[in-house]
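Novice:
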Amino acid sequence: MKPFTYERAKTPAQAAAAVARQPGAKFLAGGTNLLD
């Protein structure tokens with residue numbers, strides 16, 4: 002498994018700021034099971 006950092010944004014603005022800080026960042030939407 003590739004190393005990763007998880008951030009949980011509380012607002013759309015926080016999500017946009019978090020993804021802007023990390024080149025190559027991706028959104029992981031609810032209902033997914035990629036971390037199990």
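Just so we're aligned, residue 2 is where the sequence shown starts under this note's numbering, counting upward by one. Note that beta-carbon positions come from the ideal geometry of N, C-alpha and C, so glycine has one too.
Does the beta-carbon distance from A19 to A26 come in below 9 Å?
Specialist: Yes, these two residues count as a Cβ contact at 9 Å.
Novice: Short check: CB of A16 to CB of F28, under 9 Å?
Specialist: Result yes, Cβ atoms of A16 and F28 sit closer than 9 Å.
Novice: Report the rounded CA-to-CA distance for E8 versus A21, giving the unit in angstroms.
Specialist: Distance between the alpha carbons of E8 and A21: 13 Å.
Novice: Helix, strand or coil for R58 per DSSP?
Specialist: With the chain covering only 2 through 37, there is no way to say anything about residue 58.
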